[in-house]
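Per this note's numbering, the sequence shown starts with residue 109, numbered consecutively.
No residue lacks a Cβ here, since even glycine has one placed at the ideal position from N, Cα and C.
The structure displayed is predicted, hence computed values, not measured ones.
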Amino acid sequence: MMGSGRVRPTSLLFIFLGLFLFFSCAPGIKHYPRINQYLLSQDYDSAYELVKKNKGTYAERNAVLYYMDEGIISHFAGRYKESNRSFSKAESIMEELYTKSISKEAASFLISDNTVPYRGEDFERAMVNLFMALNYVGLGKWEDAVVEGRKVDSKLNLINSQYEEGKGNVYKEDGFIRFLMGALYELEGEINDAFISYRKAEAVYRTEYLPNYGVSPPTILVEDLLTSAHAMDFHEEMAEIKKEYPDVTFIDSARKKEMAEVYFIHYNGLAPEKVEKRFLVPMPDGFVVKIAYPKFVKRSYRISHGEITLTNLGSGRSYRFPTVLMEDIASIAVLNLENRINRIKAKAIARATTKYLASKGLSKVAEKEGGELLGFLVKVSANIASVATEQADVRQWRLLPAEIRVGRSVIPPGEYRGRIRFVGSGGIVVSSREIAPFSLKKKGERFFIYRTLN
Numbered sequence: 109m110m111g112s113g114r115v116r117p118t119s120l121l122f123i124f125l126g127l128f129l130f131f132s133c134a135p136g137i138k139h140y141p142r143i144n145q146y147l148l149s150q151d152y153d154s155a156y157e158l159v160k161k162n163k164g165t166y167a168e169r170n171a172v173l174y175y176m177d178e179g180i181i182s183h184f185a186g187r188y189k190e191s192n193r194s195f196s197k198a199e200s201i202m203e204e205l206y207t208k209s210i211s212k213e214a215a216s217f218l219i220s221d222n223t224v225p226y227r228g229e230d231f232e233r234a235m236v237n238l239f240m241a242l243n244y245v246g247l248g249k250w251e252d253a254v255v256e257g258r259k260v261d262s263k264l265n266l267i268n269s270q271y272e273e274g275k276g277n278v279y280k281e282d283g284f285i286r287f288l289m290g291a292l293y294e295l296e297g298e299i300n301d302a303f304i305s306y307r308k309a310e311a312v313y314r315t316e317y318l319p320n321y322g323v324s325p326p327t328i329l330v331e332d333l334l335t336s337a338h339a340m341d342f343h344e345e346m347a348e349i350k351k352e353y354p355d356v357t358f359i360d361s362a363r364k365k366e367m368a369e370v371y372f373i374h375y376n377g378l379a380p381e382k383v384e385k386r387f388l389v390p391m392p393d394g395f396v397v398k399i400a401y402p403k404f405v406k407r408s409y410r411i412s413h414g415e416i417t418l419t420n421l422g423s424g425r426s427y428r429f430p431t432v433l434m435e436d437i438a439s440i441a442v443l444n445l446e447n448r449i450n451r452i453k454a455k456a457i458a459r460a461t462t463k464y465l466a467s468k469g470l471s472k473v474a475e476k477e478g479g480e481l482l483g484f485l486v487k488v489s490a491n492i493a494s495v496a497t498e499q500a501d502v503r504q505w506r507l508l509p510a511e512i513r514v515g516r517s518v519i520p521p522g523e524y525r526g527r528i529r530f531v532g533s534g535g536i537v538v539s540s541r542e543i544a545p546f547s548l549k550k551k552g553e554r555f556f557i558y559r560t561l562n
């Protein structure tokens, strides 16, 4: 008979099983299909209320996800101040989590990565500041938008500094945010700063976005780069740019000062879905070891781009221009995870090995103290618990778009109305929306934001 001060192997097994099941639970995702339906119909209030209603399903360790979801829905709805309040909360929690909790990190090695509070994928942490910058654009606060743009740059540098040389993320600079900063500098009349930002953006697209994501330097970026170089009398730089992009024309700086600008920011598609990939390894002693790791899978969408038509109500002249790809979030996500997948797999293998050894040891103790049958039952139960609770961490910011497209045109000041058509493959119009009448002053600007999922 066992002494009263000792713990029975079966009791220990149930304790482990309970801990495994408690800590390995992923956040609920059942409400996301309904959210996407609301977003598709532009019912942002219902989407926001659904997130609020499901706050409890996120759990405390997924607070970052909750506030990011709140923030991006508010952004789509045009509630920019409210959006930034939510994003600021998410950012604050992420910064706090950057200093790892030793006890929680230890649990992730023994049980599951889901035990650790979610602090966002590396690229998601930068995207928070990118959307905060866009919120400030919506509020007309250019300087604050530029500050958030700089945060994107500094945050990517900080994130990559934690990795060994040559093992960091490919996503280490953001071309779109540099383009946006350049546009804002130009609107403020800070042409030299605008040129510097445009030049850096062009370099990022050419040397990083093109080889890694297949995104070429957008024509509107090269146009702005040439215009700002012209304004600064940077003749050598202009010659270099023209040599690189001989087919791109531009508006000279003097003429541009007499014009106005419109920007259409088009969020298209859904970010890739993070799924679990797994394989089972039978051991010679009858145990089965499960290795699980996450993988991003891109989701399809019908719309390829937007086509904008604006008509000047005074002259009757129409201006047509497309949205062009400037940020391939889906490809950034896929490659960002691939950059660190070997580290994730190594941790998963180490954790599975630890569980295997613990289960094996527990069954031996049970057999020694309770006989062969008890040893077998504990062995089977422990192995089932080990396999069932070895789950990949598939938490993600699900409401991000797959891509950010931008349409930009320099047009005369005046009164305008228009329409944006969302076009699929083969030129088929999937949907369209009227653009309410608006006015533009000389050297004025307007930003429009559209969200499409299908």
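Spanning the alpha carbons of glycine 322 and arginine 407 requires a straight line of approximately 17 Å. The distance from the Cβ of histidine 183 to that of leucine 158 is about 16 Å, inconsistent with a contact at the 8 Å cut-off.
Cβ contact annotation for leucine 247 (same chain, cutoff 8 Å, sequence separation greater than five): Tyr188 and Lys189, in chain order.
The Cβ-Cβ distance between valine 172 and isoleucine 201 falls below 8 Å. For the 8 Å CB-CB criterion, valine 405 and glutamate 435 do not form a contact.
Counting along the chain, no beta strand (DSSP E) covers alanine 311; the unbroken alpha helix (DSSP H) around it starts and ends at 299-312. Per DSSP, reduced to three states, the secondary structure at phenylalanine 342 is coil, with no helix or strand assignment. Only residues of its own chain outside the window of five on either side were considered, and among them Met434, Glu435 and Ile512 have a CB closer than 7 Å to the CB of phenylalanine 284, listed in chain order.
DSSP places threonine 327 in the helix class (H, G or I) of the three-state scheme. Using a 10 angstroms sphere on the CB of valine 537, the tally of other CB atoms stays under 16, which defines it as exposed. Between the alpha carbons of phenylalanine 555 and isoleucine 373 lies a gap of roughly 7 Å. With a 10 Å radius around the Cβ and a threshold of 16 neighbouring Cβ atoms, glutamate 273 comes out exposed. When rounded, the separation of the alpha-carbon atoms in leucine 266 and lysine 280 is 9 Å. When the five nearest sequence neighbours on each side are left out, the beta carbons in the same chain lying within less than 6 Å of the beta carbon of serine 439 are those of Tyr321, in order along the chain. If you ignore the 5 residues before and after alanine 347, its C-beta comes within less than 7 Å of no other C-beta in its own chain.
Counting only residues of its own chain and dropping the five nearest sequence neighbours on each side, phenylalanine 239 has a CB closer than 8 Å to the CB of Gly179, Ile180, His183, Ser191 and Phe195. Judged by DSSP in its simplified three-state form, glycine 422 adopts coil rather than helix or strand. When only Cα atoms are considered, threonine 560 and arginine 142 end up about 15 Å apart. Between isoleucine 528 and isoleucine 416, the beta carbon gap of about 5 Å places them in contact (Cβ cut-off 8 Å). In the structure shown, lysine 163 adopts helical secondary structure according to DSSP, grouped into three states. With distances taken between CA atoms, serine 533 lies nearest to Arg410 out of Arg410, Pro390, Met235 and Phe429.
Taking the CA atoms as reference points, glycine 290 sits about 57 Å from proline 390.
Per DSSP, phenylalanine 530 is one residue of the beta strand (DSSP E) stretching across 522-532. Short of 8 Å from the beta carbon of isoleucine 359, and not among the five residues preceding or following it, lie these beta carbons of its own chain, in chain order: Glu331, Thr335, Met367 and Val518. Burial check for histidine 343: the Cβ neighbour count within 10 Å stays below 16, so the residue is exposed. Taking 8 Å as the cut-off, the Cβ atoms of glutamate 352 and leucine 329 do not count as close. The DSSP-derived three-state label of phenylalanine 195 is helix. In this structure, DSSP gives glutamate 281 a state outside helix and strand, which the three-state scheme calls coil. Shown here for asparagine 420: same chain residues with a beta carbon closer than 8 Å to its own, the five before and five after excluded, namely Ser426, Tyr427, Ile519, Pro520, Gly522, Glu523 and Tyr524 in chain order. Going by DSSP, tyrosine 146 is part of the alpha helix (DSSP H) stretching over 140-148. The DSSP-derived three-state label of lysine 455 is helix.
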